[in-house]
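Protein chains in written order, with the numbering used here: chain A, 145 to 498; chain B, 2 to 327; chain C, 168 to 686.
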């Protein structure tokens, strides 16, 4: 008798959720183990994390605040991944979007809000789109590995931003800190109530709906789905793959840029050193976990935002290092990846003479 | 020696010092990719190596067995750190191997998971080690060789880890191209079915290759925290793991060209620092972009036209192998 | 059945190898059904049969790649048991696969010694010397330090043979060795094989080519549908006899009625040339036309250019020279979408790989060809209602069994997949239908469905191009049958008067009844 792996032919509906659930539980257990090793009371830690993220109005609203950029980034990455384009450069596209928006805000501080905000949004999209398009073009025409190009462009974008805040855009009244001046009030996104939740949430939700509609109801969405699944069938159907690669990268980058704009206009109100928070990488995990589906993306983004907020809370309460959130993210991803095995294959017992 | 000589020596030395961690990581990844498995988790493994190396070094230093801070004892502690670093790098690599080979997960995402996990866990655990002063491996000039004008002090006045990396380049080249095991490894990466038919155990060999790659990456991390800038700072790998991946492509999966590429990058970093130090008018941050832009250009050239045959990747790279599938 | 093989074995020489009662099952099919095979020393024994007859499976078992479910293998009279190809190699059995197991980026030497290296450290010059001696001994000239991708197909094959000889193989199994060789290389190969047998080796020669089998083999075993149809000495048989054993009769299904095709040519192909891989042309000067209301069948063993012809007719492969015209209009360099719009429908051989997208649902697949235009699209939006109506209508019309409209198609049976393809392609009432191996892997009910559909299309006035390996089927359904061999049309016969033997000979490259080979 022997355990063998066979390709799975059926597709029972309960397999995906079951695997996800088991993966999550195993991940939490593994996280607990790591914490034990570091002499951190994991039980207390998990409770604190839940409290921090969802236990208070403040916590909940902060979770939403963080979910906004995460959601937008993940949506953008999700579209790219659908076409098998590994856009690791969301981080850089995010920065470039913020840079372009900031440029608008700095150049025309006296514009009224009604003009400024849309202008910033357009600029942000353009910035990210440009960044994405470069990698897309390189891939479409030269078949250059987009993992490396987008990644390298992350660093270029971050250093560019640093250059601006240390140099030409440095606030003359800012005591030599590497940051721009506070952007004029007309560039601030509306905030809701007492919270820091801003206009970005509307944009994010609109995007989510838009993407859902595009993927399920438009011709282009159909083309993306086909091309991402099966290049041969796509050719058979007459789909232009080159054009789609570039288009998808433009959209993917543009959305990431928009995320940057939202952070800039909604929370930070100035460009500064350390503007990049690594959301671009977290968003990759979110996109993969959400199986590239826009609605699930929103839900998983919310969950991961909670993870980050709770990580901060934990840091303050127990004095543990930041990074616990990332650590748990990584562990979750491990288990989900391993679990994917069972989506494609199943274990069977076979009589074997070996 | 005149002023120019000093400059050249300084640049060479800087290139070697800065290029070594990249070289080590690149060599490790070349081994893994030659076997057909793509591991983009180099950043995570490097960080794991750096932290575990430093932490072990500190732990050993404070341990009663090694308490007397004599030079000899410190060296043992450092070596202990290096061993721990290689172990941790190998451990993370083993996880990736399991995901990529046994569960046949998507290798890109798996590698990213390793990177993110590595970044997170080292950030988390490393908090206590931030800011602790340390002296790493001392410089150990090689007798006779370091007296050669210009290249002597440039090449032969470094710490022992650099010398190890010097040796690893020809060693790994020899292993890959002149030994039986190396031939098996390369065959697995090119045509696993052909290797399988000739009786080679594809899965086992791939596991070995990936773990070896992880160990070298861990060594690269140890170099960072125990030799280059002794101590631990959060995210101290600074993207070197990603540059290593680009250099793997640039080198055409060849250890000798990898050395060239890694030191070239080290050189660019070094030159950039010189320009900065010389108070040039070009802003620091723009200079810092150079290596990354350079990588992109190099990548475009590497994957085009005539270069293709010479520097093409192993044919089966990134594809899981299953004997049953016909 | 087995009486033939028993007769053949009555000769007084001891058998080097015997395979007795081999049974091998795969999901859904019995590849080898109680097969017995024997091999004598110094013999070239051919294994003949159509694709899917079970020849490769049988030899893969012998080479240690598969384990038989039942049966025994005896080597020099003693039973042997192979767990892996390595075991078979150790016992002196080497297989030269149809798709070479070579590492293209490595040198000849590196490929030959792989897995059989004598020491840890590879001494390039001594290895190359060893190989030079080996190749001289057997007169198989190769340059030991050349890279595989630089070699011609014939030279690569020599490397494969040397691989087996380096491991002291006594039995060589060659799987369709002449499939991609030029006539001159084939002569070289035969010379080598004769040399090898003189040296005491025995060779199993798997092939579907009758003239070569007659030329080189001492004995022939014919396989059909997983069973042995017979074993004879080549001196006691003829090509026609073998052709008849290879192809047989089956149960009756729909056949064509007497309807005459129309006068007008729906599609006309002139001097079509398509480049193949490795420099051998896939199609050379192919010319034919199909009239409205006619079914033109294309017979030929797989790999002789059918795939490329179908692809060229549907805009999926680059045409080097020649023209394709639809009702007189030149459509030569159009892409697949344009050709579909102009009225050429395509049922590809690779259902789940090319014709359908496995992870998408039935509805998504139904609109694969027409999604960009009305009524399925209005502007950038898909018209869900129109799509749903269309799918429901087709599902009902064709009785396609789907658990639900939104389940991914990869979970459907072959018959249902084919129904989806047919329903989709025929929905636009095309002028020309190209169907490649449409009944492959289908159960009887689905086969009948396909036959009915093809006949009803003919009745409607479409021109049908039916590419199939099933001669029975071609003769039952087609008005005329063309035969393709090595990228050329060997001839077009009237299906009413053609015989299976005649077509079988053309398929094997034999031009006339006297067994003379064609150019």
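Ideal Cβ positions, reconstructed from N, Cα and C, are used throughout, including at glycine.
Check, Outcome
"Assigned secondary structure, residue 427 of chain C (DSSP; H/G/I helix, E/B strand, else coil)", "coil"
"8 Å CB neighbourhood of residue 487 of chain A in its chain, flanking five on each side removed", "152, 159, 160 and 163"
"Coil, strand or helix - residue 489 of chain C by DSSP", "strand"
"Exposure label - residue 384 of chain C; buried when at least 16 CB within 10 Å", "buried"
"Other residues of its chain near residue 269 of chain A: CB distance less than 8 Å, five sequence neighbours each side excluded", "241, 398, 399, 401, 402 and 405"
"Nearest to residue 54 of chain B (by Cα), restricted to the options B:20, B:143, B:228 and B:37", "B:228"
"Alpha-carbon spacing of residue 332 of chain C relative to residue 404 of chain C, whole angstroms", "32 Å"
"Identity of the residues DSSP links to residue 369 of chain C by a beta bridge", "C:338"
"Interface flag, residue 388 of chain A vs chain C, CB-CB below 9 Å", "no"
"Euclidean distance between Cα positions of residue 213 of chain B and residue 335 of chain C", "35 Å"
"Same chain, Cβ closer than 7 Å to residue 358 of chain A, neighbours up to 5 away in sequence not counted", "364 and 365"
"Chain C residues whose Cβ lies nearer than 9 Å to that of residue 301 of chain A", "The contacting residues do not exist; residue 301 of chain A stays about 31 Å from chain C at best."
"DSSP state of residue 353 of chain A mapped onto helix, strand, coil", "helix"
"Residue 187 of chain B, buried or exposed, once every other Cβ within 10 Å from all chains shown has been counted against 16", "buried"
"Chain A within 9 Å of residue 207 of chain C, Cβ atoms only", "no"
"Cβ of residue 303 of chain B within 9 Å of any chain C Cβ", "no"
"Member of C:437, C:663, C:222 and C:524 whose CA lies at the smallest distance from the CA of residue 164 of chain C", "Residue 164 of chain C cannot be examined here, being either before or after the span of chain C that is shown, 168 to 686."
"Three-state secondary structure (DSSP) of residue 604 of chain C", "coil"
"Same chain, Cβ closer than 7 Å to residue 431 of chain C, five either side skipped, listed in chain order", "458 and 459"
"Interface positions of the segment 192-221 of chain B facing chain C (Cβ-Cβ less than 9 Å), listed along the chain", "192, 194, 195, 196, 197, 198, 199, 200 and 201"
"Exposure of residue 319 of chain A, with buried meaning 16 or more beta-carbon neighbours within 10 Å", "exposed"
"Under 9 Å between C-beta atoms of residue 512 of chain C and residue 600 of chain C", "yes"
"Residue burial classification, residue 249 of chain C (beta-carbon count within 10 angstroms, cutoff 16)", "buried"
"Residue 251 of chain A, buried or exposed, once every other Cβ within 10 Å from all chains shown has been counted against 16", "exposed"
"Secondary structure, alpha helix (DSSP H): runs of 4+ residues fully inside the segment 141-184 of chain B", "152-157 and 161-179"
"Among A:199, A:193, A:415 and A:230, the one whose alpha carbon lies nearest that of residue 424 of chain A", "A:230"
"Residue 398 of chain C - partner residues in DSSP beta bridges", "C:388"
"For residue 285 of chain B, three-class secondary structure by DSSP", "helix"
"Listed by chain order, chain C residues near residue 230 of chain A by CB distance under 9 Å", "Simply none; closest approach about 19 Å."
"Buried or exposed (CB count within 10 angstroms, at least 16 for buried), residue 132 of chain B", "exposed"
"Contacts that residue 35 of chain B makes with chain C (C-beta to C-beta distance below 9 Å)", "Correct list: empty, because the minimum Cβ distance to chain C is about 11 Å."
"Three-way DSSP call (helix, strand, coil) for residue 201 of chain C in this model", "strand"
"Within-9 Å CB hit, residue 247 of chain B to chain A", "yes"
"Rounded separation between residue 12 of chain B and residue 271 of chain B - CA only", "6 Å"
"DSSP bridge partner residues for residue 688 of chain C (one or two, in chain order)", "Here chain C comprises residues numbered 168 to 686, so residue 688 of chain C is not present and cannot be evaluated."
"Residue-chain proximity (residue 507 of chain C, chain A), Cβ-Cβ < 9 Å", "yes"
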